[in-house]
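Q: To start, I am sharing the structure in question, which I have written as structure tokens.
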Amino acid sequence: MWIGGDGVHMEQNIIERNFIVRFFVGLGVILMMAYVGEQLGLLLLAYGFPYGGWVGVAIGMIVVFIAFAAVYTLYCSIVESE
Numbered sequence: 904m905w906i907g908g909d910g911v912h913m914e915q916n917i918i919e920r921n922f923i924v925r926f927f928v929g930l931g932v933i934l935m936m937a938y939v940g941e942q943l944g945l946l947l948l949a950y951g952f953p954y955g956g957w958v959g960v961a962i963g964m965i966v967v968f969i970a971f972a973a974v975y976t977l978y979c980s981i982v983e984s985e
């Protein structure tokens, strides 16, 4: 437990508390964004979509980021409720 700026006791989850965990979670998200973007880009190029590589990478990265943000928000709400 740590005391927030207003003197209220607040619990921090392990991702925010530990730099190493935070680093590897961030690295994992970046690698997944690159992988999903690449695969979607290759798929769109295979179907002859104009600028499919660029569009696929952009859409893939946005989808992974939104999915991670949703899962992380859910995780934080579960940790805070305990």
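Everything in the sequence shown is counted per my numbering, starting at 904 for the first residue and increasing by one. All C-beta atoms, glycine included, are put in the ideal place defined by N, C-alpha and C. Model, not experiment: these values are computed from the prediction.
1) Does DSSP classify Y978 as helix, strand or coil?
2) Would you report the Cα separation of F971 and G951, rounded to the nearest angstrom?
3) How long is the line joining the alpha carbons of L943 and G956, rounded to whole angstroms?
4) If you reduce the DSSP assignment to three classes, tell me which class E985 lands in.
5) Quick check: the Cα distance between E941 and F926, rounded to an integer number of angstroms?
6) Just to confirm my understanding: we take M935, look at its own chain, exclude 5 residues before and 5 after, and list those with CB closer than 6 Å. What are they?
7) To the nearest angstrom, how far is it from the Cα of V928 to the Cα of I918?
8) Measure the C-alpha to C-alpha separation of N921 and S984 and round it to an integer number of angstroms.
A: Reading from the atomic positions:
1) helix
2) 29 Å
3) 8 Å
4) coil
5) 22 Å
6) V967
7) 8 Å
8) 20 Å
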